[in-house]
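Quick mapping for you: the protein sequence lines, in order, are chains A and B.
Mapping the first sequence onto numbering that gives the first Met the number 0, position 49 (from 1) lands on 48, and the numbers just tick up by one.
Mapping the second sequence onto numbering that gives the first Met the number 0, position 168 (from 1) lands on 167, and the numbers just tick up by one.
What follows is a single structure, written as structure tokens, with notes after it.
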Amino acid sequence: MVGASAIDPRAADRLLAAALASGGEHAELFFEHRRSLHLALEDGRVRSVGAGVDGGVGIRVVAGGAVGFAYAESFEPAAMLVAARTASRIARARGSAGPSPGARGRVSGAVAEGGRVVPAGVDAPAAEFAAILRRLDAAARAASPAIVRVEASLAAVHREILIAVSGGPMIHDVQPLLRVSAVAVAQRGQRREAGSSGGGGRFGLEYFARRSPESLGQEAARVALVNLDARAAPAGNLPVVLAAGDAGIWLHEAVGHGLEADFIRKRTSNYSGRSGVVASALVTLIDDPGVPGGRGSIAVDDEGVVPGPHLLIERGILRGSLHDRLSAAAAGLPPGGSGRRQSFRDAPLPRMTNTWMAAGDEDPADILRSVKLGVYAARFSGGQVNIAAGDFVFALTEGYLIEDGRLTAPLRGVNLIGNGPAALAAVSMVGHDLQMSEGTWTCTKDGQNVPVGVGMPTVKIDQLTVGGTTLAGGRT
Amino acid sequence: MSLPRSSHQLLARLARQAAQALAHLRALGADHAEVRIDHGHSLAATVRDGALEQLSEAQSLGLALRVVVGGRVAAVTTSDLRADALAVMLARAVELAQLAEEDPLAEPPPPRALARRWPELDVFDASLARLGADRASRLAQLAEAAALAADPRIVASGGAMCSRTINHSLLATSGGFVGPSATTRVALRVQVIAEDAAGHKRSGHYWSGGRHLQSLDPPEVVGREAAQRALRCLGAAPIPSGVYPVVFSPEAGAGLIGLVAGCLLGDAVARQRSYLARRLGTRIASPLVTLVDDPLRARGPASRGFDGEGRPTRRRVLVRHGELLGFLLDTASAHRLDLAPTASASGGGGLVHPSPSNFYLQAGRRGPRALYTGLRRGLLVRTTLGLGFDPGTGHFSRGAEGVLIEDGQLTRPVAGVTLSRNLDELLQGIDAVANDFELRTAVASPSFRVDAMTIAGA
Numbered sequence: 000m001v002g003a004s005a006i007d008p009r010a011a012d013r014l015l016a017a018a019l020a021s022g023g024e025h026a027e028l029f030f031e032h033r034r035s036l037h038l039a040l041e042d043g044r045v046r047s048v049g050a051g052v053d054g055g056v057g058i059r060v061v062a063g064g065a066v067g068f069a070y071a072e073s074f075e076p077a078a079m080l081v082a083a084r085t086a087s088r089i090a091r092a093r094g095s096a097g098p099s100p101g102a103r104g105r106v107s108g109a110v111a112e113g114g115r116v117v118p119a120g121v122d123a124p125a126a127e128f129a130a131i132l133r134r135l136d137a138a139a140r141a142a143s144p145a146i147v148r149v150e151a152s153l154a155a156v157h158r159e160i161l162i163a164v165s166g167g168p169m170i171h172d173v174q175p176l177l178r179v180s181a182v183a184v185a186q187r188g189q190r191r192e193a194g195s196s197g198g199g200g201r202f203g204l205e206y207f208a209r210r211s212p213e214s215l216g217q218e219a220a221r222v223a224l225v226n227l228d229a230r231a232a233p234a235g236n237l238p239v240v241l242a243a244g245d246a247g248i249w250l251h252e253a254v255g256h257g258l259e260a261d262f263i264r265k266r267t268s269n270y271s272g273r274s275g276v277v278a279s280a281l282v283t284l285i286d287d288p289g290v291p292g293g294r295g296s297i298a299v300d301d302e303g304v305v306p307g308p309h310l311l312i313e314r315g316i317l318r319g320s321l322h323d324r325l326s327a328a329a330a331g332l333p334p335g336g337s338g339r340r341q342s343f344r345d346a347p348l349p350r351m352t353n354t355w356m357a358a359g360d361e362d363p364a365d366i367l368r369s370v371k372l373g374v375y376a377a378r379f380s381g382g383q384v385n386i387a388a389g390d391f392v393f394a395l396t397e398g399y400l401i402e403d404g405r406l407t408a409p410l411r412g413v414n415l416i417g418n419g420p421a422a423l424a425a426v427s428m429v430g431h432d433l434q435m436s437e438g439t440w441t442c443t444k445d446g447q448n449v450p451v452g453v454g455m456p457t458v459k460i461d462q463l464t465v466g467g468t469t470l471a472g473g474r475t
Numbered sequence: 000m001s002l003p004r005s006s007h008q009l010l011a012r013l014a015r016q017a018a019q020a021l022a023h024l025r026a027l028g029a030d031h032a033e034v035r036i037d038h039g040h041s042l043a044a045t046v047r048d049g050a051l052e053q054l055s056e057a058q059s060l061g062l063a064l065r066v067v068v069g070g071r072v073a074a075v076t077t078s079d080l081r082a083d084a085l086a087v088m089l090a091r092a093v094e095l096a097q098l099a100e101e102d103p104l105a106e107p108p109p110p111r112a113l114a115r116r117w118p119e120l121d122v123f124d125a126s127l128a129r130l131g132a133d134r135a136s137r138l139a140q141l142a143e144a145a146a147l148a149a150d151p152r153i154v155a156s157g158g159a160m161c162s163r164t165i166n167h168s169l170l171a172t173s174g175g176f177v178g179p180s181a182t183t184r185v186a187l188r189v190q191v192i193a194e195d196a197a198g199h200k201r202s203g204h205y206w207s208g209g210r211h212l213q214s215l216d217p218p219e220v221v222g223r224e225a226a227q228r229a230l231r232c233l234g235a236a237p238i239p240s241g242v243y244p245v246v247f248s249p250e251a252g253a254g255l256i257g258l259v260a261g262c263l264l265g266d267a268v269a270r271q272r273s274y275l276a277r278r279l280g281t282r283i284a285s286p287l288v289t290l291v292d293d294p295l296r297a298r299g300p301a302s303r304g305f306d307g308e309g310r311p312t313r314r315r316v317l318v319r320h321g322e323l324l325g326f327l328l329d330t331a332s333a334h335r336l337d338l339a340p341t342a343s344a345s346g347g348g349g350l351v352h353p354s355p356s357n358f359y360l361q362a363g364r365r366g367p368r369a370l371y372t373g374l375r376r377g378l379l380v381r382t383t384l385g386l387g388f389d390p391g392t393g394h395f396s397r398g399a400e401g402v403l404i405e406d407g408q409l410t411r412p413v414a415g416v417t418l419s420r421n422l423d424e425l426l427q428g429i430d431a432v433a434n435d436f437e438l439r440t441a442v443a444s445p446s447f448r449v450d451a452m453t454i455a456g457a
């Protein structure tokens, strides 16, 4: 597939008609073509280089609120027709007598273009990939003689999608994604510690004009060196200051998933049936697909809906949730623009894009000064949530002890655990320093991975459970 | 293999396609190549609140290859197997290899090291082809109904899904190896929500499945177990911070054993990214710990007669009575470590990496209850949450859910706590291993007990 005209609207009409031949209210064709290029450097040598091509169409029929789904790994008319007929079986399984009177088995109007076309990193010469990683590698090694190993990788994906909805328009979009990551290992005596860094987003290689490969190498080295001095973390309930940027992953886990409307509809979310105050009045939470260059940014969702920013929580009050077409229809709302899928092989689900907390008024230095004994959570490796109970857990890759308002010792092996609504209620200070994370976050739901972004100002939570190994007061 | 004729025909077709791709790569100047073609057919029915919610069915076909040109390696994957598109990708692979640096360790296995025959692993059930949408929906409906009817406190369903996949794949190498394989898999899973009087929700999830339709538990059993798992968590609360003996259930235990497996992979060891890298021949765990990688188990979830480079596989004891005897190695990592390869290359075609097959902690003799009957105070952990593990240092800290043990009895459900101890000390601290072992997942474990872990809670 190349370009908005790659699929003839009449061919789309034929497939939609076949998909709705046995009944159903709505059908959708999701054409996707994906090219990728990646290169990995290990100790200054190109260790692996690879490329991939993937493409096909996912066909969905909605009949009586139920979904028939099939895909074809090809754009051959015969294979796509088989998929359309397979997806159409849902209508018979739901006891439909035939085509729904209101269903229109064809598209309307011309093909619309989603977003701005961005340079494709995937088409750059692979030798440029190697040159960028060599700069990163050299900068990490130059940071300190204690850096004994560096690994770095760079991957570019060029995703092109074209969505045709029965009775609706066809819409075409290009969604490039660049991902760079680095790991540095520092050694002192027998002790070895790793540090990592990452970056990228909806960019081609021009990304490296905004963020140099050297800065990524230095960042990985810096974290590895900090961790050489890290000591065991305390265990117990303490105030926690979440640093601006990366800590947005906490919002993603602690609140974001619980506000995805499929969980709410199934009554499996701890936010099902809740309204009114769900957080401290300092908390305003937004899911924003329009962050420039953001990993989670999309001009069109994977159901052909143009999304806008979603206000989820405003000054502590629950304002909205994230809908795809199915959950929106069930709730009597217009499509929400939050339908995303890993690929044409998967049916869409309500998903986050870039999730961030609005800035507050506090000076970050004052937030730190307010803590007598606590933990400063600087960088995270990821987290998990139990959506029914709201319990979340996330792990730190860089953290510090706060003593008398100052950062003292770096900590290792810190895990933070808490309950989403309880922790949101315990937010007592919010900084004015909102920052989007540079991290290469990938969200997994029902086995489907999609890129997401997170952001956060510096935030103080009065009490979270810190899972270290050192017990305060030696209690057993 | 005792396969239906349609499977033999399909595999023969894949073998012809792979041979053509290999011939093409040789003509382009490749010194060595591995090509893998995968063909899959999958079907899944999801039911929620008694009604069919989603029916999915699809066939897939993809090719992955690794090519070595003058000691330089590249890998490509494609789902477009039309002759002209494939020719473009094969040329791209050879071109990309020029960019890689010469890697003297990128040598393929010598022809004499390749598998010529392998045992029948009983991983294909021809009757699963007849498990259609109607029957799959029915099984999911029965399982969900049993879960919802189990108790009035079960208030919502996250859905029940019955799925089956039929996969055929062919790995061919320019060294002359041709390895066909055919596998099936069926699973039935249910998730429900229990709610207590205060409105606190807990979710319970259970699945049953395996290579054969017979390995599926009756749907009512699957549903009731999911309900029990939600109910037993109601009222869960943190316990006071402290040092407790901890009993891991088979599922939670498997998570820990999987971390050990990750630290035994040749890639991690050769890069010194495993805390076990320099511990070969030493005691790394309590004498009760014996860890086995067994690719040849009949019906095993990760059974394979040959590895991703075409070497014959066999059962290996990696840790015997606490002593580290070996790592999981593909050809490249074995060369880097100057050890013999263990036929642990995963996948095949594309970049290969060592991976475990069926990897497990060997069962002990005691019943699982005996692990806590003697404890005055401890925690039975049934679920761990989060990613808190650093393979380079062994630092481990994760969220946990389970039940408090007091005076040898399971007393109240626990959630919202973290569990910490370095994996090195944790393995040395295993003081009991139970006999409740079942190879349900590729990495598996019986229940076991650790003498002490730091718990952060209330």
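Yeah, the Cβ is synthetic: ideal placement off N, Cα and C, and Gly gets one too.
From residue i to residue j, what does the alpha carbon distance come to, in whole angstroms?
i	j	result
B/Val122	B/Thr182	5 Å
A/Leu14	A/Ala123	36 Å
B/Ser240	A/Glu402	21 Å
A/Leu177	A/Trp440	12 Å
B/Arg12	B/Asp124	21 Å
A/Asn448	A/Val429	31 Å
B/Thr440	B/Leu187	14 Å
A/Ala94	B/Ser162	Reading off the sequence shown, one finds Gly at residue 94 of chain A, where the question assumed Ala. Cα-Cα distance, rounded: 22 Å.
B/Gly385	A/Ala394	7 Å
A/Val312	A/Ala280	Here residue 312 of chain A is Ile; the residue named in the question, Val, does not match the sequence. Near 10 Å, if we compare the C-alpha coordinates of A/Ala280 and A/Ile312.
A/Leu325	A/Ala62	11 Å
B/Ile66	B/Ser173	Before going on, a small fix: residue 66 of chain B reads as Val here, not Ile. Using only the alpha carbons, I get a separation of about 10 Å.
A/Gly295	B/Ser78	25 Å
Name, please, each residue of chain B whose Cβ falls closer than 7 Å to the Cβ of residue i.
i	result
A/Tyr70	Ala57
A/Leu410	Chain B residues near A/Leu410: none, gap ~11 Å exceeds 7 Å.
A/Phe393	Gly385
A/Asn418	Gly415
Relative to the ligand PLP, is the shortest distance from any of its heavy atoms to the C-beta of residue i smaller than 7 Å?
i	result
A/Glu150	The ligand content of the structure shown is nil, which means the ligand PLP is not present either.
Let's see if you can read the secondary structure: which residues bound the beta strand (DSSP E) around residue i?
i	result
A/Glu127	It is not in any beta strand (DSSP E) - A/Glu127 instead sits in the alpha helix (DSSP H) that spans Ala125 to Ala141.
B/Cys161	Ile153 to Thr172
A/Ile89	Where A/Ile89 is concerned, there is no enclosing beta strand (DSSP E), although the alpha helix (DSSP H) it sits in stretches over Pro76 to Ala92.
Among the residues of its own chain, which have a CB less than 8 Å from the CB of residue i, if the five just before and after it don't count?
i	result
A/Arg33	Gly51, Val52, Asp53, Gly54, Val156, His157, Arg158, Glu159 and Ser342
Based on the DSSP output, what are the partners of residue i in its beta bridges?
i	result
A/Asn448	A/Thr443
A/Ile162	A/Phe29 and A/Ile170
B/Val318	B/Leu290 and B/Leu323
What residues from chain A crowd round residue i, counting only those whose CB sits closer than 8 Å?
i	result
B/Arg47	Lys265
B/Ser202	Thr267, Asn385, Ile386, Ala387 and Ala388
Can you pull the chain B residues whose beta carbon is under 8 Å from the beta carbon of residue i, in chain order?
i	result
A/Gly55	Ser78
A/Val149	Within 8 Å Cβ-Cβ: nothing; A/Val149 doesn't reach chain B, min ~11 Å.
Hey, quick one: how far does the alpha helix (DSSP H) through residue i stretch, first residue to last?
i	result
B/Val93	Ala82 to Ala96
B/His7	Arg4 to Ala26
A/Gln383	Run containing A/Gln383: none in the alpha helix (DSSP H); it sits in the beta strand (DSSP E), Leu372 to Asn385.
Here's a check: name, in chain order, each residue in its chain whose Cβ is nearer than 6 Å to the Cβ of residue i, leaving out the five neighbours to either side.
i	result
B/Arg137	none
B/Val191	Ala146, Ile153, Ser156, Gly203, Ala225, Ala226 and Ala229
Leaving aside the five residues before and after residue i along the sequence, list all residues of the same chain whose C-beta is less than 7 Å from its C-beta, in chain order.
i	result
B/Arg228	Gly203, His204 and Tyr205
B/Arg335	Leu104 and Ala269
Applying a beta-carbon distance threshold of less than 7 Å, which residues of chain A neighbour residue i?
i	result
B/Ile192	Arg266, Thr267 and Ala387
B/Glu33	The premise fails here: B/Glu33 is roughly 13 Å from chain A at the closest Cβ pair, so nothing lies under 7 Å.
Could you work out which residues of chain B lie near residue i, taking near to mean beta carbons separated by less than 9 Å?
i	result
A/Glu192	Asp389, Gly391 and Thr392
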